[in-house]
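K.L.:
Residue numbering for the sequence shown follows my numbering, starting at 2 and increasing by one per position. Right, I'll just put the structure down here and ask away after.
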Amino acid sequence: MEQDRAELQRQREYIGKMKELLREEEILLGRKETYHIETFGCQMNAKDSEKFAGILEEIGYLPTEEETEADLVLYNTCTVRENANEKLYGHLGQVHSSKRKKNPNQRIALCGCMMQEPDEVATVRTKYRFVNLVFGTHNIFKLAELLYRMKTEPNPVIDVWEGTDEIVEDLPAVRKYSFKSGVNIMYGCNNFCSYCIVPYVRGRERSREAADILEEIRSLASSGVKEVMLLGQNVNSYGKTLAEPVSFSELLKSVAAVPGIERIRFMTSHPKDLGDDLIDVIAKEPKICRHFHLPLQSGSDRILKVMNRHYTKERFLDLVRKLRERVPGISITTDIIVGFPGETEEDFEETMDTVRKARFESAFTFIYSKRTGTPAAKMPDQVPEDVVKERFDRLLKLVRQIGEEESGKLKGRTEDVLVEEVNKQDPGMVTGRLSDNTVVHFPGNESLIGEIVPVLLKETRGFYYLGEEVKPE
Ligand code: 5AD
Ligand code: SF4
Numbered sequence: 002m003e004q005d006r007a008e009l010q011r012q013r014e015y016i017g018k019m020k021e022l023l024r025e026e027e028i029l030l031g032r033k034e035t036y037h038i039e040t041f042g043c044q045m046n047a048k049d050s051e052k053f054a055g056i057l058e059e060i061g062y063l064p065t066e067e068e069t070e071a072d073l074v075l076y077n078t079c080t081v082r083e084n085a086n087e088k089l090y091g092h093l094g095q096v097h098s099s100k101r102k103k104n105p106n107q108r109i110a111l112c113g114c115m116m117q118e119p120d121e122v123a124t125v126r127t128k129y130r131f132v133n134l135v136f137g138t139h140n141i142f143k144l145a146e147l148l149y150r151m152k153t154e155p156n157p158v159i160d161v162w163e164g165t166d167e168i169v170e171d172l173p174a175v176r177k178y179s180f181k182s183g184v185n186i187m188y189g190c191n192n193f194c195s196y197c198i199v200p201y202v203r204g205r206e207r208s209r210e211a212a213d214i215l216e217e218i219r220s221l222a223s224s225g226v227k228e229v230m231l232l233g234q235n236v237n238s239y240g241k242t243l244a245e246p247v248s249f250s251e252l253l254k255s256v257a258a259v260p261g262i263e264r265i266r267f268m269t270s271h272p273k274d275l276g277d278d279l280i281d282v283i284a285k286e287p288k289i290c291r292h293f294h295l296p297l298q299s300g301s302d303r304i305l306k307v308m309n310r311h312y313t314k315e316r317f318l319d320l321v322r323k324l325r326e327r328v329p330g331i332s333i334t335t336d337i338i339v340g341f342p343g344e345t346e347e348d349f350e351e352t353m354d355t356v357r358k359a360r361f362e363s364a365f366t367f368i369y370s371k372r373t374g375t376p377a378a379k380m381p382d383q384v385p386e387d388v389v390k391e392r393f394d395r396l397l398k399l400v401r402q403i404g405e406e407e408s409g410k411l412k413g414r415t416e417d418v419l420v421e422e423v424n425k426q427d428p429g430m431v432t433g434r435l436s437d438n439t440v441v442h443f444p445g446n447e448s449l450i451g452e453i454v455p456v457l458l459k460e461t462r463g464f465y466y467l468g469e470e471v472k473p474e
């Protein structure tokens with residue numbers, strides 16, 4: 002803790018130094034410098050990007066949507082599947098040509114999960130030499146210091162750590178929404194699912210102290226936040242490594258008691274650690290949203306074992322049954338991987354069968370992507386591409402069909418909607434979400450953004466509702 006406070010002080014000093022540097026540059030340039038952050042991947046990265054934006058704005062950078070024109074472009078990368086990596090290189094190609102033509106002073110920084118892979122950093126060093134700064138997932142709190150080095154040292158700065166125990170609290174952040182916010186409750190992952198690169202790039206599981214989490218949530222609530230999303234790779238194992246262990250369900254109860262917080266979401270749960278205590282808290286606490294994301298990955302016991310998932314199809318279906326029984330109206334979503342090494346037609350049929358029985362409201366389906374360094378990458382019997390594609394299409398069709406059949410169940414009822422934005426197509430409408438995460442559009446204006454309003458769900462259109470605000474008499 003002492004050490005973390007000292008680090009916070011150090012970073013504040015670097016923010017000060019960068020402020021001075023930027024003021025000098027502003028005089029030379031005759032304008033303020035701008036930044037653009039491009040975020041790939043999950044909610045965890047989105048949250049980190051808000052922290053980056055907070056530091057950059059404190060330093061004096063102005064935000065811009067123009068990726069190719071910004072003075073500083075920061076790519077917060079993802080590497081969970083190969084196509085995430087390809088996307089980054091696509092962006093780098095584009096920004097390189099604009100840097101040469103439009104803004105030779107443009108600075109390019111890369112950070113996030115992909116930068117924790119030595120092979121990728123080597124590629125950046127040799128083929129993308131115009132990149133000015135590279136850092137990873139463990140030293141993000143050092144952004145100000147890294148930028149200062151980037152500005153003052155002649156060579157590109159590459160600073161990727163293998164791991165860290167440090168959790169630096171209280172750095173500034175800019176929130177994308179005024180009324181909802183992600184809150185990290187833990188970092189890293191210890192599960193080592195055999196296909197997954199996350200434990201290698203995000204390091205070992207570390208929980209934040211419950212007191213720190215609650216303090217952050219209290220402060221968010223006092224600035225108008227109504228909905229929090231508690232973030233971690235495996236929230237169900239929250240708190241196990243703390244000096245004074247706290248369970249995730251205990252944490253949820255404390256969060257629900259924070260005045261002003263009306264809705265609580267969390268992401269992601271691992272089925273192996275989902276206990277009855279958590280289902281009990283969800284059933285009893287109306288502030289916890291009626292939506293549960295429970296990644297299945299595969300319905301075949303044999304594949305689940307090789308994936309190192311520690312549950313069976315039956316245990317998974319039991320959890321789904323329990324959740325639906327104890328929490329009426331809950332919507333359950335999932336992640337599924339198709340084409341894991343050695344997956345046979347029978348294994349795939351088990352996945353299809355699980356989907357039919359679980360009846361997910363929606364599902365993210367992924368084609369297995371080989372990640373260097375993971376045990377699955379070395380497994381024999383990688384499934385041929387055409388077979389995977391054909392299975393993927395069959396799964397997607399089933400998932401969509403069930404999703405459609407399950408949708409619209411709340412039609413005719415009046416339900417609370419947290420309004421998120423003015424409708425993108427129709428400025429006379431606003432868009433928000435129900436507790437179960439379904440989107441609702443209804444007539445309204447900007448003044449409703451961030452409000453929770455009762456809405457009569459009049460019509461259903463597949464995956465969303467059209468409604469009308471119910472005003473008090
Ligand atoms: N290939 C395909 N999908 C993957 N996921 C994680 N690793 C891989 C991989 N190598 C999926 C899992 C996880 C989600 C975030 O991404 O389904 O739940
Ligand atoms: Fe990856 Fe498994 Fe950890 Fe999720 S639980 S991040 S899939 S290793």
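Backbone N, C-alpha and C fix where the C-beta goes; we use that ideal spot for every residue, glycine too.
1. Across the segment 220 to 238 and the segment 146 to 156, are there enough close Cβ pairs to call them in contact, namely three or more that are closer than 8 Å?
2. Is Lys-412 closer than 9 Å to Glu-351 when the C-beta atoms are compared?
3. For Phe-131, name the three-state secondary structure that DSSP assigns.
4. Is Val-229 closer than 9 Å to Gly-240 when the C-beta atoms are compared?
5. Grouping DSSP H, G and I as helix and E and B as strand, with all else coil, what is Asn-86?
6. Going by C-alpha to C-alpha distance, which of Gly-374, Glu-21, Asp-417 sits closest to Val-199?
7. Could you spell out where the alpha helix (DSSP H) holding Leu-252 opens and where it closes?
8. Using DSSP with H/G/I as helix, E/B as strand and the rest coil, what is Thr-153?
9. Report the rounded CA-to-CA distance for Ala-110 versus Asn-133, giving the unit in angstroms.
10. Could you pull the DSSP bridge partners for Gln-363 from this structure?
11. For Gly-468, collect the residues of the same chain with a Cβ closer than 7 Å to its Cβ; drop the 5 residues on either side in sequence, then sort them by chain order.
12. Look at the Cβ atom of Phe-142, then the Cβ atom of Leu-9, and state whether they are nearer than 9 Å.
13. I'd like to confirm the pairing. Which residues does DSSP put opposite Glu-455 in its beta bridges?
14. Tell me where the alpha helix (DSSP H) around Gly-404 begins and ends.
15. Cα separation between Lys-425 and Glu-315?
16. Hey, quick one: how far does the alpha helix (DSSP H) through Ile-60 stretch, first residue to last?
17. Specify, as a first and last residue, the run of the beta strand (DSSP E) that Pro-444 falls within.
18. Look at Thr-80 and Met-45 and say whether their C-beta atoms are less than 9 Å apart.
19. Can you tell me whether DSSP reads Cys-112 as helix, strand or coil?
20. Flag Glu-121 as yes if its beta-carbon sits less than 9 Å from any beta-carbon of chain B, otherwise no.
21. Taking the alpha carbon of Phe-367 as the point to measure from, which residue in Val-400, Val-184, Ala-359, Lys-379 has its own alpha carbon closest?
22. How many angstroms separate the CA atom of Asn-192 from the CA atom of Pro-272?
23. Are the CB atoms of Val-420 and Gly-451 nearer to each other than 9 Å?
24. I want to know whether the segment 333 to 340 touches the segment 348 to 364 - three or more CB-CB distances under 8 Å.
25. Between Glu-217 and the rest of its own chain, which residues show a CB-CB distance below 7 Å, the 5 nearest in sequence each way excluded?
26. Tell me whether the beta-carbon of Met-187 lies closer than 9 Å to the beta-carbon of Arg-209.
27. For Pro-260, I'd like the list of residues in its chain whose CB is within less than 7 Å of its CB, leaving aside the five on either flank, ordered along the chain.
28. Taking Arg-395 as the reference, which of Arg-357, Leu-318, Ser-255, Tyr-90 has the closest Cα?
29. Any idea if Thr-127 is buried or exposed, counting beta-carbon neighbours within 10 angstroms, 16 or more meaning buried?
30. Let me confirm a value: Gly-204 is counted as buried when at least 16 other C-beta atoms fall within 10 Å, else exposed. Which label applies?
31. Is it the case that the CB of Arg-82 approaches a heavy atom of the ligand 5AD more closely than 8 Å?
32. Would you say the beta carbon of Ser-370 is closer than 8 Å to some non-hydrogen atom of the ligand 5AD?
33. According to DSSP, which residues form a beta bridge with Asn-140?
34. Any heavy atom of the ligand SF4 inside 8 Å of the beta-carbon of Asn-185?
35. In the DSSP assignment, find the unbroken beta strand (DSSP E) run with Ser-182 in it and report its ends.
36. For Gln-298, which option in Ile-283, Ala-284, Ser-270 has the closest C-alpha, if you only look at C-alpha atoms?
P.N.:
With the structure as the only source:
1. no
2. no
3. coil
4. no
5. helix
6. Gly-374
7. 249 to 257
8. helix
9. 6 Å
10. Before going further, note that residue 363 is Ser rather than Gln in the sequence given. Note: Ser-363 sits in a beta bridge opposite Thr-334.
11. Val-441, Phe-443, Val-456, Leu-457, Leu-458, Lys-459
12. yes
13. The displayed chain sequence assigns Pro, not Glu, to residue 455. Note: Pro-455 sits in a beta bridge opposite Asp-417.
14. 386 to 407
15. 42 Å
16. 44 to 60
17. 440 to 444
18. no
19. strand
20. Any reference to chain B falls outside this structure, which holds one protein chain only.
21. Val-400
22. 12 Å
23. yes
24. yes
25. Val-184
26. yes
27. Ala-222
28. Arg-357
29. exposed
30. buried
31. yes
32. yes
33. DSSP output for Asn-140 lists no bridge partner at all.
34. no
35. 181 to 185
36. Ser-270
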